[in-house]
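Colleague: The structure follows.
Printed below as a string of structure tokens:
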């Protein structure tokens, strides 16, 4: 009898563990409200053409620019804030931004087609930046 009871308990525990519901993944849609927050540029890559290797353009940025924050506000305004290492105080600024389909548009540095957004990092790209057929990809990460 003990064997049947133990077997039944074991079977029940396996059923409960295996039937656990998966948590739904949160929707990370691209909109002004979901993108609102402070971001740091964490990667910039450049590919001159599809056949050439990708280059790390973040290496070419001055260190004093690597800690600057882009503050995106849900009302469609942004602030570009100098970090602790200030290059030029006049580099800070503000403006307007919006989302149109899969594109992020601003009157400043935030422009491009969204490649992916996971609610933490936004990856977007621009094409034909320095030459026809090239692509520059930016990754900005929520702080």
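In the numbering used here, the protein residues as written are 89 to 231.
All C-beta atoms in this analysis are idealised placements derived from N, C-alpha and C, irrespective of residue type, glycine included.
Mark residue 224 as exposed unless 16 or more other C-beta atoms lie within 10 angstroms of its C-beta, in which case mark it buried.
Modeller: buried
Colleague: Can you have a look at residue 192 and say buried or exposed, based on whether 16 or more other CB atoms are within 10 angstroms of its CB?
Modeller: buried
Colleague: Check residue 146 in the structure and name its three-state DSSP category.
Modeller: helix
Colleague: Excluding the five sequence neighbours on either side, which residues of its own chain have a C-beta within less than 6 Å of the C-beta of residue 204, listed in chain order?
Modeller: In chain order, 211 place their CB closer than 6 Å to the CB of residue 204, counting only its own chain and leaving out the 5 sequence neighbours on each side.
Colleague: Assess contact between the region 141-149 and the region 174-189, defined as three or more Cβ pairs (one per stretch) separated by less than 8 Å. Is contact present?
Modeller: no
Colleague: Please work out which residues of its chain come closer than 8 Å, Cβ to Cβ, to residue 213, disregarding the five sequence neighbours upstream and downstream, and give them in chain order.
Modeller: 200, 201, 203, 223, 224, 225, 226
Colleague: Given a threshold of 16 other Cβ atoms within 10 Å of its Cβ, counted over all protein chains shown, does residue 123 qualify as buried or as exposed?
Modeller: buried
Colleague: I'd like the span of the alpha helix (DSSP H) that includes residue 121, first residue to last.
Modeller: 120-123
Colleague: According to DSSP, is residue 137 helix, strand or coil?
Modeller: coil
Colleague: Should residue 148 be labelled buried (16 or more other beta-carbon atoms within 10 Å of its own) or exposed?
Modeller: So residue 148 ends up on the exposed side.
Colleague: If we call anything under 7 Å between Cβ atoms a contact, is residue 133 one with residue 221?
Modeller: no
Colleague: Quick one: residues in its chain with C-beta nearer than 7 Å to the C-beta of residue 169, no 5 flanking neighbours on either side, listed in chain order?
Modeller: 156, 157, 159, 180
Colleague: Apart from the five residues just before and just after residue 153, which ones in its own chain have a Cβ nearer than 7 Å to its Cβ?
Modeller: 175
Colleague: Considering just the uninterrupted stretch of the beta strand (DSSP E) at residue 200, what are its terminal residues?
Modeller: 200-205
Colleague: Over what stretch of residues does the beta strand (DSSP E) that includes residue 194 continue unbroken?
Modeller: 191-194
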